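In this note's numbering, the protein residues as written are 255 to 542.
Data first, discussion second: the structure below is written as structure tokens.
Have a look at this one:
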């Protein structure tokens with residue numbers, strides 16, 4: 255048995271399919287399937303019933319997967335203890351951020367930590383918030399800066415950086431430019447530019463639609479808020495983002511009853527010394 259095989263099996267069980275697990279793990283579906291099959295041969299039992307689109311744990315899988323997770327938790331604790339033994343002078347920190355994160359507090363904290371602790375290996379990755387939260391849960395990330403519209407798990411140490419409602423950005427010649435607010439229903443008649451599924455903004459938009467009983471299919475999905483704003487400025491539609499993302503020359507218009515989206519710093523359970531120090535540096539720069 256190998257650690258990565260245990261991680262893959264756990265993710266398949268969590269996601270309910272090999273394809274979804276592969277997306278979270280950022281490897282091919284065939285790679286996940288092959289490694290889980292190797293694990294099954296090693297154990298001598300079939301862990302999953304494979305359907306065309308789903309994977310369901312077998313009775314044997316149900317009996318074993320809890321022990322698999324316990325083994326992964328023990329490995330995570332080994333890393334934590336090792337980091338504590340070497341202290342902040344060495345060790346490793348694995349951080350994840352939302353795609354295209356360039357907020358000054360994050361970049362400044364990253365640079366400050368690297369100057370203060372050059373012996374620590376810091377690996378950084380980007381992804382949508384759903385993937386980042388899953389990686390924190392699985393123990394493959396120590397710290398993550400995530401955007402979310404629902405409360406994060408109580409198993410994380412969470413510091414909220416920003417909490418604000420959705421708003422709409424329109425060009426100065428748009429019919430809404432002189433309005434203070436619109437209803438969510440009015441968005442259904444517009445070309446909506448927003449972020450993809452798995453992001454805090456998109457989840458907040460979906461919650462807003464659900465609360466008002468409407469359905470909105472975005473005309474354009476982009477990972478960069480700047481891209482959505484640039485398109486709105488050219489008259490390609492209205493950009494639905496969090497309020498603080500919107501600035502001149504565009505006009506911000508509030509949405510009645512809009513759900514909130516938050517940007518939070520989340521740290522996994524029992525981080526090592528280096529990860530704790532990195533999280534504290536970020537927290538100081540971002541939250542104060």
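The C-beta atom is built at its ideal place from N, Cα and C for all residues, glycine as well.
Here the structure is a predicted model, which means the values were calculated and not measured.
When the Cα of residue i is compared with those of the options, which residue comes out closest?
| i | options | result |
| --- | --- | --- |
| residue 381 | 362, 364, 402 | 402 |
| residue 415 | 407, 319, 427, 398 | 398 |
| residue 446 | 481, 503, 385, 299 | 481 |
| residue 513 | 496, 274, 386, 540 | 496 |
| residue 532 | 511, 279, 376 | 376 |
| residue 383 | 267, 457, 362 | 457 |
| residue 483 | 300, 379, 503 | 503 |
| residue 509 | 419, 427, 281 | 419 |
| residue 530 | 263, 511, 333, 385 | 333 |
| residue 385 | 296, 281, 541 | 281 |
| residue 302 | 461, 267, 296, 490 | 267 |
| residue 462 | 404, 428, 485, 427 | 404 |
| residue 427 | 357, 491, 406, 437 | 491 |
| residue 511 | 437, 541, 489 | 437 |
How big is the Cα-Cα spacing for residue i and residue j?
| i | j | result |
| --- | --- | --- |
| residue 400 | residue 306 | 32 Å |
| residue 468 | residue 430 | 20 Å |
| residue 528 | residue 360 | 17 Å |
| residue 537 | residue 325 | 31 Å |
| residue 498 | residue 524 | 33 Å |
| residue 487 | residue 272 | 41 Å |
| residue 265 | residue 345 | 26 Å |
| residue 432 | residue 500 | 16 Å |
| residue 286 | residue 526 | 28 Å |
| residue 298 | residue 270 | 22 Å |
| residue 507 | residue 473 | 19 Å |
| residue 464 | residue 308 | 27 Å |
| residue 338 | residue 493 | 46 Å |
| residue 560 | residue 304 | There is no way to answer for residue 560, as the model of the chain reaches only from 255 to 542. |
| residue 370 | residue 439 | 51 Å |
| residue 363 | residue 454 | 23 Å |
| residue 367 | residue 539 | 11 Å |
| residue 276 | residue 314 | 22 Å |
| residue 319 | residue 340 | 32 Å |
| residue 288 | residue 262 | 10 Å |
| residue 284 | residue 258 | 14 Å |
| residue 347 | residue 256 | 22 Å |
| residue 441 | residue 466 | 12 Å |
| residue 316 | residue 296 | 17 Å |
| residue 372 | residue 358 | 21 Å |
| residue 274 | residue 356 | 28 Å |
| residue 300 | residue 541 | 48 Å |
| residue 489 | residue 365 | 38 Å |
Report the CB separation of residue i from residue j in whole angstroms; it is logged as a contact under 8 Å.
| i | j | result |
| --- | --- | --- |
| residue 278 | residue 388 | 5 Å |
| residue 521 | residue 410 | 6 Å |
| residue 352 | residue 260 | Not confirmed; about 28 Å, so no contact. |
| residue 435 | residue 519 | Contact flag wrong, Cβ pair sits at about 31 Å. |
| residue 374 | residue 342 | 7 Å |
| residue 516 | residue 443 | Not really, about 29 Å apart at Cβ, beyond 8 Å. |
| residue 350 | residue 379 | 5 Å |
| residue 485 | residue 470 | Not a contact, Cβ separation roughly 16 Å. |
Is any heavy atom of the ligand MG found at a distance shorter than 6 Å from the C-beta of residue i?
| i | result |
| --- | --- |
| residue 284 | Here there are no bound small molecules, and the ligand MG is not part of this structure. |
Completely contained beta strand (DSSP E) runs for the region 347-409, where each covers 3 or more residues: Uninterrupted beta strand (DSSP E) stretches at least 3 residues long and entirely within the region 347-409 occur at 375-381, 397-402, given in chain order.
At least 3 beta-carbon pairs within less than 8 Å: the region 388-400 vs the region 324-341: Segments in contact, yes.
The region 434-454 in contact with the region 474-481 per 3-pair CB rule at 8 Å: With contact defined as three or more Cβ pairs closer than 8 Å, the region 434-454 and the region 474-481 are in contact.
Meets three-Cβ-pair contact criterion under 8 Å: the region 283-296 and the region 420-438: Because the criterion of three Cβ pairs below 8 Å is not met, the region 283-296 and the region 420-438 do not touch.
Entirely enclosed alpha helix (DSSP H) segments - the region 463-517, minimum 4 residues: Fully enclosed alpha helix (DSSP H) runs of no fewer than 4 residues occupy 479-487 of the region 463-517, in order along the chain.
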